[in-house]
Amino acid sequence: MQFDPKPHIAAAKARLRDRQDVKASFASLRQAAEAEIDGIREEIARGGSGIPEIAYADIHSGSLTGDDIQAILRKGCVIVRGVFTRDQANAWNDEIGAYIDRNDYMTKAREKAGIDKYFSQLENAVPQIFGLYWSRPQVMARQAESLAETRRFLNRLWRIDGPAGTEFDPDLDLTYADRTRRRAPGDTTLGLSPHMDAGSYERWCDPAFQAVYAPVFEGHWQDYDPWRAAFRTQTREYASPAVSSMFRTFQGWTGLTEQGPGGGTLQLVPTVLSMPWMLLRALQDDIADDDLCGAAPGRALGADAEHHAELLEGLVTIPTVMPGDTVWWHTDTIHAVEDANASENWANVIYIGASPDCRKNRAYAARQQATFLDGRSPPDFAPEDYEVDFKGRATLDDLTPLGRRQMGF
Numbered sequence: 001m002q003f004d005p006k007p008h009i010a011a012a013k014a015r016l017r018d019r020q021d022v023k024a025s026f027a028s029l030r031q032a033a034e035a036e037i038d039g040i041r042e043e044i045a046r047g048g049s050g051i052p053e054i055a056y057a058d059i060h061s062g063s064l065t066g067d068d069i070q071a072i073l074r075k076g077c078v079i080v081r082g083v084f085t086r087d088q089a090n091a092w093n094d095e096i097g098a099y100i101d102r103n104d105y106m107t108k109a110r111e112k113a114g115i116d117k118y119f120s121q122l123e124n125a126v127p128q129i130f131g132l133y134w135s136r137p138q139v140m141a142r143q144a145e146s147l148a149e150t151r152r153f154l155n156r157l158w159r160i161d162g163p164a165g166t167e168f169d170p171d172l173d174l175t176y177a178d179r180t181r182r183r184a185p186g187d188t189t190l191g192l193s194p195h196m197d198a199g200s201y202e203r204w205c206d207p208a209f210q211a212v213y214a215p216v217f218e219g220h221w222q223d224y225d226p227w228r229a230a231f232r233t234q235t236r237e238y239a240s241p242a243v244s245s246m247f248r249t250f251q252g253w254t255g256l257t258e259q260g261p262g263g264g265t266l267q268l269v270p271t272v273l274s275m276p277w278m279l280l281r282a283l284q285d286d287i288a289d290d291d292l293c294g295a296a297p298g299r300a301l302g303a304d305a306e307h308h309a310e311l312l313e314g315l316v317t318i319p320t321v322m323p324g325d326t327v328w329w330h331t332d333t334i335h336a337v338e339d340a341n342a343s344e345n346w347a348n349v350i351y352i353g354a355s356p357d358c359r360k361n362r363a364y365a366a367r368q369q370a371t372f373l374d375g376r377s378p379p380d381f382a383p384e385d386y387e388v389d390f391k392g393r394a395t396l397d398d399l400t401p402l403g404r405r406q407m408g409f
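This is the structure:
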């Protein structure tokens, strides 16, 4: 029997509306969000991008300023430049291309079309994302010391104390094997409309999510701290292919090619007010009692023009990044992919986020181990299993001591 979320949504909304004057709370939040978005647009008008940028070299040397940190905390995203050398990123890009060609991935993908339905409710449904997880470049990048140091820095931005003790270890990430994007020059069909990952209707209905967002739901959204980790490792997402069941402090990717505005690449709404705004928007009187602005089980949480137009005024494309640069965004950040790659460059990335060691993530890592050894798709993803017989995929022998720890071996 198919799960019907509507009774659960209606019950949760009734309880949440009883906690506060949702109309008044949302009105004050709208003013604050409008000011943030106006600031983003003013920054862009002055020639900026609206998105903080730092250098990996400054992370490594410990020379970042307080202003650098505060910008990341306010915007919920950051570009870290030079995590890998251009030569290394270019070599990985070529190797992944050869891996795809050598194993005739495109033919196999056509045969398995339709298995992955995660983005089926978004306006632009099919991003040019390859269901590959275990190529050597992906594995090498995940276990690189420079990336580990970058993720330690990002994880330490969080407050990790909670009622049950420390929520996670910021100094060790566990591998969350994700896919790779390869978008051809001139492509006009494979964008991705604005959304959030890591839960949809659950954000209103799951008890742990309700605890995470308690200040928002109790009428004092100003006290909400998006960097407080308490309860985030206890959330339970609806089980579905391609829905992350690992806790990620940041989603992210590593650039393999030059890409920027007009190049079919990432867009962000760079403010941490987006999540409170979406939570309270769904509780307003113009939304049906059993609806959460279209949020549905097992799907990305879409941000659309009908319900979230004010937030989407802050949607900006990342500035031009080079091979070896990385981009990171808080798990509650609205993101999208441009509709067209109007450039002459490929827009290629490896998806690698920050998923620190905690009980929830260790449980997933244990399930993921066998899929790595067999070359199957990881547990969270549609069971396409392309790489079982692929030549040149990474094996246990390719893991460094850090890579083995990250994989839970």
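Each residue of the sequence shown is one higher than the one before, counting from 1 in full-length UniProt numbering.
Each residue gets a CB set at the ideal place from its N, CA and C atoms; glycine is no exception.
Note that the structure is predicted; figures quoted are calculated from it, not measured.
Q. Taking contact to mean at least 3 C-beta pairs separated by less than 8 angstroms, is the region 331 to 341 in contact with the region 89 to 105?
A. The region 331 to 341, when compared against the region 89 to 105, does not touch it at the 8 angstroms Cβ threshold.
Q. Roughly how many whole angstroms lie between the Cα atoms of Val-78 and Glu-36?
A. In a straight line, the C-alpha of Val-78 is about 16 angstroms away from that of Glu-36.
Q. Excluding five sequence neighbours on each side, which residues of the same chain lie with their C-beta closer than 8 angstroms to the C-beta of Asp-285?
A. Excluding positions up to five away in sequence, the list reads Lys-23.
Q: Can you give me the Cβ contacts of Ala-32 inside the same chain, cut-off strictly under 7 angstroms, excluding the 5 residues immediately before and after it?
A: Result list for Ala-32: Leu-273, in chain order.
Q: Kindly list the residues whose CB is nearer than 7 angstroms to the CB of Gln-128, restricted to its own chain and excluding five residues on each side of it in sequence; keep chain order.
A: Annotation for Gln-128: Arg-181, Arg-182, Arg-183, Asp-187, Leu-190 place their beta carbon closer than 7 angstroms to its own, counting only its chain and skipping 5 residues before and after.
Q: Count the other CB atoms, across all protein chains shown, that sit within 10 Å of the CB of Glu-145; report buried if there are 16 or more and exposed otherwise.
A: Exposed: under 16 other Cβ atoms inside 10 Å.
Q) Is Phe-217 buried or exposed, if buried means 16 or more other CB atoms sit within 10 Å of its CB? A) Phe-217 should be labelled buried.
(Q) In the DSSP output, what is residue 490 paired with across the bridge? (A) Because residue 490 is not part of the residues shown, which for the chain are 1 to 409, the question remains open.
Q. Which one or two residues does DSSP pair with Asp-161 in a beta bridge?
A. According to DSSP, which records beta bridges pairwise, Asp-161 is partnered with Thr-166.
Q. Where Ala-164 and Ala-229 are concerned, what is the direct C-alpha to C-alpha distance, given to the nearest angstrom?
A. One Cα belongs to Ala-164, the other to Ala-229, and the distance between them is close to 11 angstroms.
Q | Residues sharing a beta bridge with Asn-348, DSSP | A | According to DSSP, Asn-348 bridges with Arg-182.
Q: Note down, in chain order, each residue of its chain lying with its Cβ closer than 7 angstroms to the Cβ of Trp-346, except the 5 sequence neighbours on either side.
A: Cβ within range, chain order: Arg-182, Arg-183, Ala-184, Pro-185, Thr-257.
Q. For the 8 angstroms Cβ check, are there 3 or more pairs between the region 231 to 251 and the region 204 to 223?
A. Yes: the two stretches touch, three or more of their Cβ pairs being nearer than 8 angstroms.
**Q.** Per-residue burial, Pro-401 [other beta carbons within 10 Å of its own, 16 or more giving buried]
**A.** It counts as exposed.
Q. Straight-line CA distance for Phe-247 to Ser-61?
A. Answer to the nearest angstrom: the Cα atoms are 28 angstroms apart.
**Q.** Where Ser-355 falls, given that 16 or more other Cβ within 10 Å makes a residue buried
**A.** Taking every protein chain shown into account, the CB of Ser-355 has 16 or more other CB atoms within 10 angstroms, so this residue is buried.
**Q.** Nonlocal neighbours in the same chain, by C-beta distance under 8 angstroms from Arg-376, ignoring five residues either side
**A.** Excluding sequence neighbours, Arg-376 sits near Ala-370, Pro-383, Asp-385, Glu-387, Val-388.
Q: Please go through the same chain and pick out, in chain order, the residues whose beta-carbon is closer than 6 angstroms to the beta-carbon of Ala-295, but skip the five residues on each side of it.
A: Hits under 6 angstroms: Ser-200, Tyr-201, Leu-301.
Q. If you follow the beta strand (DSSP E) that Glu-326 is part of, which residue opens it and which one closes it?
A. Here the sequence assigns Thr to residue 326, which means Glu is not the residue at that position. Where Thr-326 is concerned, the enclosing beta strand (DSSP E) stretches over 326 to 330.
Q) For Cys-77, which residues does DSSP report across the bridge? A) Answer by DSSP bridge pairing, in chain order: Trp-329.
Q. DSSP on Thr-371, reduced to helix/strand/coil?
A. Three-state DSSP puts Thr-371 in a helix.
Q: Go ahead and pull the three-state DSSP assignment for Trp-253.
A: Three-state result, Trp-253: strand.
Q: Could you check which residue in Val-321, Trp-328, Pro-261 has the C-alpha nearest to that of Pro-73?
A: The sequence shown places Leu at residue 73, not Pro. The alpha carbon of Leu-73 has as its nearest neighbour, out of Val-321, Trp-328, Pro-261, the alpha carbon of Trp-328.
Q | Within 9 angstroms, strictly: CB atoms of Val-243 and Asp-104 | A | Against a cut-off of 9 angstroms, the Cβ pair of Asp-104 and Val-243 comes out as no contact.
Q | Closest residue to Val-80 among Ser-25, Met-106, Thr-150, Leu-16 (Cα-Cα distance) | A | Val-80 has its Cα closest to that of Thr-150, out of Ser-25, Met-106, Thr-150, Leu-16.
Q) Where Glu-123 and Leu-315 are concerned, what is the direct C-alpha to C-alpha distance, given to the nearest angstrom? A) At Glu-123 the pLDDT is 46, less than 50, meaning the model places this residue with poor confidence; the figure from the coordinates comes in the next sentence. The straight-line gap separating the alpha-carbon atoms of Glu-123 and Leu-315 is approximately 16 angstroms.
Q: In angstroms with no decimal places, state the Cα-to-Cα distance between Lys-360 and Arg-46.
A: So the alpha carbons of these two residues sit roughly 43 angstroms apart.
**Q.** Span separating the alpha-carbon of Met-278 from that of Pro-323
**A.** Roughly 34 angstroms between the two C-alpha positions.
Q: Compare the Cα-Cα distances from Asp-304 to each of Val-269, Leu-399, Trp-92, Phe-130 and report the closest residue.
A: Comparing Cα positions, the closest option is Val-269.
Q) Skipping 5 residues on each side, what residues in its chain have a beta carbon closer than 8 angstroms to that of Val-139? A) Excluding residues within five positions, the ones whose Cβ falls inside 8 angstroms are Ala-394, Asp-398, Leu-399, Gly-403.
Q) By DSSP, does Glu-43 sit in helix, in strand, or in coil? A) Looking at Glu-43 - three-state DSSP - the assignment turns out to be helix.
Q) Taking all protein chains shown into account, do 16 or more other C-beta atoms lie within 10 angstroms of the C-beta of Ile-160, making it buried, or fewer, making it exposed? A) Answer is buried; the Cβ neighbour count reaches 16.
Q) Cα-Cα, which of Gln-406, Asp-332, Gly-264, Trp-221 is closest to Tyr-364? A) Selected option, being the one with the closest Cα: Gln-406.
Q. Is Ala-148 closer than 9 angstroms to Asp-173 when the C-beta atoms are compared?
A. Yes, the pair counts as a contact, with Cβ atoms nearer than the cut-off.
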